[in-house]
Structure formats: C-alpha cells, structure tokens
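Protein sequences appear in the order of chains A and B. By this note's numbering, the letter at position 533 of the first sequence is numbered 533, and the numbering carries on one by one without gaps. By this note's numbering, the letter at position 522 of the second sequence is numbered 1522, and the numbering carries on one by one without gaps.
2 protein chains.
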Amino acid sequence: MSKQRVIIEHVQPVVDGGIYRAKRTVGERVDVTAHIFGDGHDHVRAQLLYRMQGRKNWTILPLRHLGNDEWLGSFYVTEQGICEFTIHAWVDHFETWYDGIVKKAKANVEVSLELREGALMLRQLAGTTNKDLLLLAKKLEDTERYQESVESVLSQAFAEIVHDYPLKEHETTIEYPYEILVERQKALFSSWYEFFPRSASLQPGKHGTFKDCQKLLPRVAAMGFDVLYFPPIHPIGKVNRKGKNNNVNAQPGEPGSPWAIGSDEGGHKSVHPELGTLEDFRTLVKEAKKMGIEIAMDIAFQCAPDHPYVKQHPDWFKVRPDGSIQYAENPPKKYQDIYPFNFESDDWKNLWDELHSIFVFWIEQGVSIFRVDNPHTKAFRFWEWVIGEVNATYPDVIFLSEAFTRPKVMAALAKVGFQQGYTYFTWRPTKSELIEYMDQLVNGPSRNFFRPNFWPNTPDILPYHLQYAGENNFIIRYFLAATLSSNYGMYGPSYEFNENVPVEGKEEYLNSEKYEVRHYDWKRTNRMTDIISLVNRARKENEALQSTWNIRFCAIENGNIMAYVKATDDLKNIILCVCTMDPNNTQSGYVQVPRDVLRLGDKVNLKLHDLVSHEQYTWTQEWNFVELNPHKLPFHLFKVEIHESNM
Amino acid sequence: MSKQRVIIEHVQPVVDGGIYRAKRTVGERVDVTAHIFGDGHDHVRAQLLYRMQGRKNWTILPLRHLGNDEWLGSFYVTEQGICEFTIHAWVDHFETWYDGIVKKAKANVEVSLELREGALMLRQLAGTTNKDLLLLAKKLEDTERYQESVESVLSQAFAEIVHDYPLKEHETTIEYPYEILVERQKALFSSWYEFFPRSASLQPGKHGTFKDCQKLLPRVAAMGFDVLYFPPIHPIGKVNRKGKNNNVNAQPGEPGSPWAIGSDEGGHKSVHPELGTLEDFRTLVKEAKKMGIEIAMDIAFQCAPDHPYVKQHPDWFKVRPDGSIQYAENPPKKYQDIYPFNFESDDWKNLWDELHSIFVFWIEQGVSIFRVDNPHTKAFRFWEWVIGEVNATYPDVIFLSEAFTRPKVMAALAKVGFQQGYTYFTWRPTKSELIEYMDQLVNGPSRNFFRPNFWPNTPDILPYHLQYAGENNFIIRYFLAATLSSNYGMYGPSYEFNENVPVEGKEEYLNSEKYEVRHYDWKRTNRMTDIISLVNRARKENEALQSTWNIRFCAIENGNIMAYVKATDDLKNIILCVCTMDPNNTQSGYVQVPRDVLRLGDKVNLKLHDLVSHEQYTWTQEWNFVELNPHKLPFHLFKVEIHESNM
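This is how it looks when you write it as structure tokens:
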C-alpha cells in the first residue's frame, strides 16, 4: 500500500535482474532505458541518478519519453570502478497543471482558478528561499493582473521554469541501485599477437628464449599490436609427454605441449628452464611495456602427471579406487598427459586459494592480462570468486576466456567476470552469417556483459575456409576481424606467413606448433605484414574503430561485398569499411550511405580517404559505386569526412 | 564460494523476475523451462519440484534437456490457490560414469576400475536400506564376475537404475520458489452478454427493472451465455446530468448516464430505485445462477456531484482553491458530471478501505464477477491491494479490466491482479493484424498474466469497420471473437440486431443507450441469434475452444480466409475454424492441415463435422479445398476427428 502512482519496469542495462553487473569501459556511453508510466492522464516525469560507488552525490538528469512509455537517459562513464544508477519517477502535478492551463488559455477558457492553483504549486516549489518563484506566485494570485499572468504562463520563460522545477511527490524509486562495472579501455580495444616463445629464436634448430622474444618486440610493435600473448611458459611435463602431431608417445628430445604443465622443474609459478629465468621474463615484460605492449599470459589450470601439485596435493585431483589419479577423458578417448583439478575436492578452499595465488604471482611479475585456457571446464563459481578477488586489488587486470563452447556457457563466463571472450567469428565465413552474428553480439542481451575478441585462427584451429586458402583469404579474414570487432587477435607468424595445411579432415594445423619447436623467418615481411601495420595504425588513430558496439551495416546489392560504418557519437570520427568476400574476382556494387547514422540532411557530400590505399573519393549520392579487386586490395578502409555544407 | 557447478537461469513462467505471479487456471498445463548447464563435460540432471502453497510434500519430476542447454518439465495445475515450483540441478557423477563406462565397454576398453567406481556410487545411493543396489554393488566389485558385471551394466535394467537414482551432490537450487496463481476455470473461459437493465422492459416506453431482467434470463441462457454483465445499477447523479447523445444539459425526465454514480438516493452500495430493490437484485442473481449465469457488476470508482461521498468525504476528492471539487477534465474538455477520487488524498487509507467494502458488499449480495470501469485511471497499487484482499477471502471473484489504453498500462493491470482484460481485438479488422495480435497474446511475455476478453463492440465503441456494416460483418466479427479467444463478450441487443449507425466521424453509437432508455424487441431472434446459440454450444461442448493458448494458425493461400486449429493436449478434442473476412463474395482456397499439431503420420485421414451447418467432410490430403459463401455462412466450425488408421 502506498501513494506511489508510477511504475518503473524493464530497466536496462541490467543483467539477469541485477544478479550480475552490466559492463562498460571508461569513456563509453550508458543508455539507461526503462518502461515508466502512471495511471490516468497526469504527466509523469522521471530522473536518472548515477554516481561512482562510494561517492556521496548523485548526478541527476531527466529521462526523456521516447513514446510507448519507453524512456531514455544517457551518460558517459569516465572512470574505472562501479557506477551505480537508479531512477526516480513521479506524477508531476505542476507539469500536468501547466499543460492544462496552456490548452485552456489558448482555447480562451477562463483560468482564474487555475492561476491560483499554479501559484500554490509555485509556493510549494519555492520553499522559503526561491524569491523568483515567490514573486511569480504573487503575480498569479493578483486578480488585478489576470491578463498579464496568463501571458506570463504562456511565455517561454515559464516553460523553462516548469522544466527546471520538477514537483516530486510520492516518487517511485528502485529498491537498490543497479551497478555497472566500468573497466579500463583495453577491455574493449586491444590487438593481440600470439607466438610460442620457444619458436622465437632467429637461429633455426634453436629453442627460443625470453631474450629472443625481446628481440622480436620491435617487430610486433611495428605491426601495431598492443598485446603479445604467449602459450604457457611453465615447465612441461615429462611423464606421458605428447610427441609431434599429438603422438601419444614423445620421442626423446621432443619438447611436448606447453599446456601439459609442471614437472620436477616446477609448476604454475615457474618458467620452463629452456626459456630462461623468471628475471628474464620480468625484463621482457618491462621492455614490452616500454613499447606499448602488454604481455598476456596463458593460464591453463591443469597438471601434467609430474606437476609438483600432484605429489603435494593429491586430494586436489580425483583419486580412483586403485589410488591412481584420474586423467582427462572424453570416453573412450584418454588424455593421460593431463590431470584436471577436482573442483569438488574436500580441500576445495585451499585449491581455490592456491589458484588465486598463481594469478597474484604473475601480476607481481608485471603481467596484467591473462588468457584463460578452457575456463568452461572449471567451476563458474570459482571464476566469479577469483576474478572478483584479483580485480578488487588489481582492477586493471584483464581476463580473456578461451571458451569455444555452447552459447549459454560462453555467456555465463562473461557474466561471472571475464572481460573478453573468444567467439564464433572463427566459424562465420559468409556475409549473412557475419551480419547475423554481429547483430546478436551488438544488439542481443549479451551486449551488456560479453566483449568479443575475434580470432581468424588459433594454434588449435585452422578453420575449413582457410585450409589451402590463398593470401587474399587470409587478408579478408584479417580485415574483418580487425574492423568488425575492436578486440581481435591472431596466432601470428602462422597467419602472417599463410600457413594453410591441416591435419586431413580436421580443423587443426598439420605439424602443429603445440607439439614442436618451429622456426620462422622473423625478418621477413610481406603484403599481409604491411596491411596489418596499416590497419592497426588506423585502429589506433581512429576512435571509431575502438568500439565494437557502434557498427552499422550498409545496404549493398552484392552478396559478395560487406559494408559497414563505425562512427563516434559526435561524428568527429567516421570509418566506412567495404570488404569483398571473393578472394578471386573483382566485385562491384552500390553502397548506401546510412544517412540517419551520419545525421545527414537532404544532401550527401562526403570526402572519403582510404587509409590503406590512400585513394580519395567524393560521394554526393546516397548510393555509391565501389569496386574491389582482391589481388590489389580486397577492402576499403575509408575515413569519412562530412563536407561542411551538410552540417 | 561454493562447490555448486550448475547454473540455472531464465526460469519460466516467471513474471518480472518474480515480482508478480504467473497465472494459470485449474486444469491448465504449466511448462516450466530454464537454461541449465554446468562446467565441463560431466552430465547435468535437473528436477522440477512443485506443490500447492502450504502443503508439505513436493511433487518431483525430471526436467528434460531439449538441446542448447534448454530444459523443460510440464505438469497440470488441478486446484485453485498458489502453486509453488522450484528447480534442483546438479552434476550427476553416476550418470556421467554410466555414460563413460558404456562407451568404453562398447569400444572393448578394459573397465575393471570403472566397475569399482560404479560400485562405490551404488553404495552411496543405496545407503543402508536399498538391498538391491547393495547386491548390485557387490557384483560389480567381484573381479571373478567381470564379464557378467559388464553385461549387467550394459543391460536395460541398469539404464533404468541410472534414470531412477539421481545422485544429487552440491545441488544448485533457486533461492525462493516461484509462485503461480491458479484461478478458477471461468477466468479463462467465459461468454459475456451485456445489456442495460433499464432497457429490459418488454413494454416500449417503460423503464426496465430487475424483475424485467429476470424475464430475459431464459433468452440469455438459450443463447448460451454464462456471464450477464450490467452497466452500473446505482442511483444516477442529478446534478449536471447528461442528456441524450451526451448533451451537457439533460432535459427533465432524461435518465442520465449510469456511470455518473450517486445521488441523494444513494451511492455505490445502493440500487437505482427505478430498477427495483436490493432484494430484487439478489433474487435476480440467484435465479441467474440457477440457469448457469453469473451476473457481472460494473464497478466505476467515480462520483456524480451529488453522490453522498462528496458531502461525507470531500477530502477524498481534489478540492480547488475556491473550495469547489475538481471534476474530470481532458483540457480544454470538461466533464462536470464526474468527480474522480483523489488517490493521493491524505485520507487515502480510509478511501481504499471504503472502496474495498463496496466489492465486499456486492459479493455478499451474490456477485462473483466485476467489470471494472477505466481501472487505468486509478492507482495501480490500489488495484494490487484490493484484488489481493478480495481474492484472499473470495478466491472465485473475477475482475475484468476495462482498460482500452496503452499496451504497458494494460499489461500492468493484469500483472497486479485483473483476471481478464479488454483488448485491441475491437480494432484489429484484418487477417494479418489478427494473426499478429494473437501471436503477441499467446506467445509474448504477457501470456503468463494477461487473459484477453474479446469484444467486437461495447456501448462505448462502434468500431469503424462495423459502421453501416451488414449482418455478415457482424457475424464474422462475432465468430472471430468467440473462437479466437476463450473469453469474449458482446454489447448484446445492439449487436444481435445489427445496430450500425455512428455519431458521424466517431466510433460511438448514435443515440447511445448510455444516455437514454432503449426499447428492444426481446422476443425477436434472427440469423445472428441462431449462430450465437450454436457457437456458444460448441464452446461448451468442446474443451478445445475453452482455451486461448492452444491456437495454431493454418496456412491458406487466400488472404481473405483465416484458418486455425485448437486442440486439447490429448487430441481428444480438435476444432478447426475457417472464416472468411469477405462479407460479400464467395471465397475459396486450400487449407493446410497442421500435421505436427495433430501428430499425424504420413497419411492424413480426418473426419470433419461442421457444428453449425452440420456439413461433413473427409480430408485425406495435407491441403484441402474450402469455399465460404458469406450469405450462407461465412465460417466453418469443424469438429475434427482423426481417423483411426492415422493413430
């Protein structure tokens, strides 16, 4: 029972009714929407209140009615932390009265009584302090000045008073404010390059070291990447070690898979001796940082049979009736080189603490980004806890979820805290699939918690459409990854150098680097390297490319060409991407300029500058011809300027 | 922090996260769905638990995985009250083990250790009491009987054991059970007839009485209606009384609008003296009940200026600065004959109590259904409270919301408790609009709380498509209302007798009965009357027509014909409606039988019997010819029987 007359429903952004936090990064806009309505015909008004958690004062702004009882208020989050917001809504008798008296006065109805009612409300709003309103109230009460009062009520100044003085009574509020987690910008904008440190040597046949990696930093920086991600750098299990091409038994001297972690040389807090020392690693991290590169570390919570944990904490694993430890299985397949942790262990609290300490250990070595291997095979509640704990102390730390799994599981990991996630981009080769997938990501419910990171390949995945494919295919998939999504990455040297031979019938690389040391000609650059450098530079210099959420696909009547615009809210930076899906033939068509996004008037007058080819065009029509010869360049990356006469 | 490994999300039916209750009527099916998943590849199992609130024991049934981590469990609610349900889900190691050992055994992998693991789980499941399981465990442990044990695990009997013995550990549950409000069947299935008691006299020129109404009961019963709804029966205000055609000043002797309630003769708990006495009314209610008819009473919470409340409780209204009471307005229009209650009154609690007492008063006179006038102009929280209070004592009482208003407001009234609501059916004249609207109602989120009641007309609304329209139009709209929706009603005599003359340019009746006493030839019946009687009989005799939720539209390649099937879950009752939208010309086309709904095999063999025309057909094809001559009958109302050879 209450006198509240307004209902507030369907508030957004809210994730699962507030169980999880919606996410944004610093600088992003938050569009708060809600269904708000009252009974009857009285005017409803609503306010959005927000503040950083812990602050005292709310920033207040009016919500705007969009129609159909849907309301909107927008603001920008400007610092990391938890931003709280809430909504107040009420029946505003002052605005209702104002609307009525204006209509009556315009219809020449006598309004003496209405003026007296208005004066009462002005007094209520004025309290004892606002002399202007009190004076106005007096005027409205003065029957001698009826005509003057009516004119005053009809004036623009009075409309502004009504706008500026909400008469809040019997407000409806939300029980608890909703929370938005605001994270650093890199959670939304990052360019990842992956290589195996052991393949970093410039000398063929030599096992790479952290020092070799250090020598490659300028190369990675020159291409414009800002995250360098290494597969696990820990000692590799010797027991049941896997050989070349996933052979069950390694030959002597074979290096094994870095994901089989731990041996007598140490576990998750040690480095593989052949890579160098912990000191070397710290130096590498520091040097990388100087070049604007953060080292991302692979965290794979599993153990080789000879990992020290197995002896020290057999109870963290599943012990079988014969006392042996349960290895990983996908019956009838067996993975005897991997022992999974048992998250249902009786000693689970100590296990969780230890795993937490692994993150802290590496953060203390300078690591600020973790790429987590198969998080969907470990308990969700563990991730929720450990990411919460780590971020409470180190809010800059970013976790990327490598969960190539079912949609709801992928979403759940993002909800419990992963800042970024691998996606299905890897398996979306066609225009229609990509547009549909982008629509899901950008306009679906996961928009508020799942930040995609697009990878055309990984050491695990050489997708069918890249098998035996030519350089043009690789360039097209690269360009799509880097411009559709503001977070993207590549399993670098393999991708750069067009490696395209699979294990027959599988989406895996033949002679996978997972099981052997590779040698790359690190001095080599090629057409792909040049394109990467130019696209990454464009991403750095154009804010429009630093978000995934601002994409708008353009109509084009050629199913082989995709076109999309990304623009900043203020339209100061506008990018138009046009990309052919055909690696072999020249394709052409007419692209429609999205006039609404660019807020164009009747006339189109755009200057386009291709940031890769440096071609320049002027577009004065709504529909404009484009032609892409993939052997020249399969895409346009246009920076668009609206010619002044349009503004 | 916890060992729970399963997430339960997006549970349905739940309204606004559980703020409001989902609704069902006695006998309805509840489909509980949820997204349920765990980490990793272990098997997840889930159970649905439900019970009537206050009972101790839960009924438990397994949820079934439909794919994509979506699960379903269905049950029927069989009694009025609040039904609670919850979900338990867990990683089931017994089922995981079973799946693994079966795969291994089939691949001829040695499974001694697996048998020992299975034995341990069987012992865990057996506790100290289940001797069968203990025996089985012993067998599995007996290494001498290895082959026998493997065969036993591969047997059908073992599969049943796995099914019957969930191994619940570290279960995930829902914090509070969700509630479903189960109401009486009439909330979903009712046929309303509306007339003005003052027009009930058989003698022209005479003011009708309750006794006259009583004489009309057999006529209403013969047509098959089970709710007889009267506009307000209270004393009508004399001050500012409205005249014929909404004239601002009534002439002497004019009866006024019954919605201008209250005079010196009494208020909301009194009856208009010209209609008879309270005793007469009680008798009428009693006699109606004997014929299977419930009297629905109009509740309009507003007062004429001379209503006793105005003197007794001026503080329940808005008092203006000159001491006058605020009448209803839609500036610059004024409604001086109506004073709205002020739900923000300082004395609001007493106001609410008094309004509550009005319902109780009429319930004590035998009324069990209320049609509430313009509920959207009174506070939502009041309705939530008053309907809750009334239904707590009188759970059979049904409230119909007359809220022809915006979608979210309409929905909110249903959420806060109204059992039925008027709808936009009145303004959906075309096939495509009707199909889209039915889809919204049946498949949209309001399915769980909003029960539509379809009215082709009301005393307030003569929609454009019925203005100057012929009998065929009226029959078509009638048939659609009565078969699309299980709740429907009509402003009776006017509709029966094809009244179609509007106030020019408005959707209002000329010479509206709202402002005058009308005389009808109550002895008259016509083609419409016959059709009503037959359709209402079909509704009573065919359970498939007693739900709105079971509709499925059939394909037919003629935009002028609509076809839809309604069937009971057990297919024991199947109705196929085919209706032309063309009142003038014969239309024909091929209707597609919805094979999936009827669970037909390869062959179609249906017997159709038209319950109105008594024509019979046999359909043996998927697509079947229909032809409708509106001058004969603009619809088919087929009872369908699946010929045995199909079953």
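Cβ coordinates follow ideal geometry from the N, Cα and C atoms, glycine included.
List the residues that DSSP assigns as beta-bridge partners of residue i.
i	result
Tyr-178 of chain A	A:Phe-85
Phe-676 of chain A	Missing from the structure shown is residue 676 of chain A; chain A here goes from 1 to 647 and no further.
Lys-103 of chain A	DSSP lists no partner for Lys-103 of chain A.
Arg-29 of chain A	A:Tyr-76
Pro-1235 of chain B	Paired residue(s): none; Pro-1235 of chain B is not in a bridge.
Asn-487 of chain A	A:Ser-190
Looking at the secondary structure, which residues open and close the alpha helix (DSSP H) in which residue i lies?
i	result
Gln-731 of chain A	An answer regarding residue 731 of chain A cannot be provided, because it is not within the stretch 1 to 647 covered by chain A.
Glu-384 of chain A	380-393
Val-501 of chain A	Note, Val-501 of chain A: premise wrong, no alpha helix (DSSP H); not H, not E.
Met-410 of chain A	407-416
Ser-190 of chain A	That residue, Ser-190 of chain A, is in no alpha helix (DSSP H); its beta strand (DSSP E) goes 190-194.
Phe-1370 of chain B	Run containing Phe-1370 of chain B: none in the alpha helix (DSSP H); it sits in the beta strand (DSSP E), 1369-1373.
Glu-1496 of chain B	1492-1496
Leu-1434 of chain B	1431-1443
Residues in the same chain with beta-carbon distance under 8 Å from residue i, minus the five sequence neighbours each way, listed in chain order, please.
i	result
Glu-1622 of chain B	Gln-1592, Val-1593, Arg-1595 and Val-1604
Starting from residue i and walking both ways along the beta strand (DSSP E), at which residues does that stretch end?
i	result
Cys-213 of chain A	Looking at the DSSP string, Cys-213 of chain A is not in any beta strand (DSSP E); the run it does join, the alpha helix (DSSP H), is 210-223.
Gly-1421 of chain B	1420-1422
Asp-610 of chain A	606-610
Lys-1639 of chain B	1635-1642
Arg-64 of chain A	64-67
His-10 of chain A	6-12
Val-1397 of chain B	Val-1397 of chain B -> no beta strand (DSSP E), and no H or E assigned at all.
Val-44 of chain A	44-52
Spatial neighbours of residue i within its chain, please: CB distance less than 7 Å, with the 5 preceding and 5 following residues excluded, ordered by chain position.
i	result
Ser-2 of chain A	none
Asn-249 of chain A	Gly-243
Asp-582 of chain A	Asn-560 and Pro-630
Phe-225 of chain A	Ser-191, Trp-192, Tyr-193, Ile-293 and Asn-536
Gln-1440 of chain B	none
Asp-1069 of chain B	His-1035, Ile-1036 and Phe-1037
Thr-128 of chain A	none
Asn-1646 of chain B	Summary for Asn-1646 of chain B: the model assigns pLDDT 44, below 50, so the residue's position carries little reliability; its value from the coordinates is reported in the next sentence. Excluding positions up to five away in sequence, the list reads Leu-1600, Gly-1601, Lys-1603 and Asn-1605.
Trp-71 of chain A	Thr-33, Ala-34, Ile-36, Ala-46, Leu-63, Arg-64 and His-65
Among the residues of its own chain, which have a CB less than 6 Å from the CB of residue i, if the five just before and after it don't count?
i	result
Asp-16 of chain A	none
Ile-435 of chain A	Phe-553
Arg-1123 of chain B	Ala-1137
Gly-266 of chain A	Pro-235
Lys-483 of chain A	First, the amino acid is wrong: residue 483 of chain A is Thr here, not Lys. Answer for Thr-483 of chain A: Cys-577, listed in chain order.
Trp-58 of chain A	Leu-49 and Arg-51
_Would you call the stretch 21-32 of chain A in contact with the stretch 182-194 of chain A, where contact means no fewer than 3 C-beta pairs closer than 8 Å?_
Judged by Cβ distances under 8 Å, the stretch 21-32 of chain A makes contact with the stretch 182-194 of chain A, as three or more pairs qualify.
| Should the stretch 1512-1522 of chain B be regarded as contacting the stretch 1189-1199 of chain B, the criterion being three or more beta carbon pairs within less than 8 Å? | In this structure the stretch 1512-1522 of chain B touches the stretch 1189-1199 of chain B; the number of beta carbon pairs closer than 8 Å is three or more.
- Message: Does the contact criterion of 3 or more C-beta pairs under 8 Å hold for the stretch 1396-1406 of chain B versus the stretch 1324-1335 of chain B?
- Response: Not touching, per the Cβ criterion.
Task: Three CB pairs or more closer than 8 Å across the stretch 1031-1039 of chain B and the stretch 374-385 of chain A - done: Taking 8 Å as the limit for Cβ pairs, the verdict is that the stretch 374-385 of chain A does touch the stretch 1031-1039 of chain B.
Does the stretch 1044-1059 of chain B come close enough to the stretch 629-642 of chain A that 3 or more CB-CB pairs lie under 8 Å? With a cut-off of 8 Å on Cβ pairs, the stretch 629-642 of chain A is not in contact with the stretch 1044-1059 of chain B, counting fewer than three such pairs.
Three CB pairs or more closer than 8 Å across the stretch 288-298 of chain A and the stretch 222-235 of chain A: At 8 Å Cβ cutoff, the stretches touch.
Would the stretch 468-476 of chain A count as touching the stretch 412-420 of chain A if we require 3 or more Cβ pairs under 8 Å? Contact fails between the stretch 468-476 of chain A and the stretch 412-420 of chain A, because fewer than three Cβ pairs, one in each stretch, are under 8 Å apart.
Practice prompt. Would you mind listing the alpha helix (DSSP H) stretches within the stretch 1268-1355 of chain B that are 4+ residues and don't spill past its ends, in chain order?
Written response: Listed in chain order, the complete alpha helix (DSSP H) runs (minimum 4 residues) inside the stretch 1268-1355 of chain B are 1278-1290 and 1308-1312.
Within the stretch 1104-1147 of chain B, ranges of the alpha helix (DSSP H) (whole runs, at least 4 residues):
Counting only unbroken stretches of 4 or more residues, the alpha helix (DSSP H) elements lying wholly within the stretch 1104-1147 of chain B are 1112-1126 and 1131-1141, in sequence order.
- Query: What are the start and end residues of each continuous alpha helix (DSSP H) run of 4 or more residues lying completely inside the stretch 523-588 of chain A, in chain order?
  - Reply: Complete alpha helix (DSSP H) runs here, min 4: 527-541.
Requested in this report: Give a yes or no on contact between the stretch 1448-1456 of chain B and the stretch 1417-1433 of chain B, applying the rule of three or more CB pairs nearer than 8 Å.
Outcome: Taking 8 Å as the limit for Cβ pairs, the verdict is that the stretch 1417-1433 of chain B does touch the stretch 1448-1456 of chain B.
Inter-stretch contact at 8 Å, needing at least 3 Cβ pairs: the stretch 1246-1262 of chain B / the stretch 1275-1287 of chain B:
With the cut-off at 8 Å, the stretch 1246-1262 of chain B and the stretch 1275-1287 of chain B do not touch.
Should the stretch 166-180 of chain A be regarded as contacting the stretch 91-109 of chain A, the criterion being three or more beta carbon pairs within less than 8 Å? Enough Cβ pairs lie closer than 8 Å, so yes.
Item to check | Sufficient close CB pairs (3 or more, under 8 Å) joining the stretch 1514-1528 of chain B to the stretch 1488-1505 of chain B | outcome: Touching, per the Cβ criterion.
Would you check if the stretch 1137-1148 of chain B and the stretch 1107-1126 of chain B touch, i.e. whether three or more CB-CB distances between them fall below 8 Å?
Yes, the stretch 1107-1126 of chain B touches the stretch 1137-1148 of chain B.
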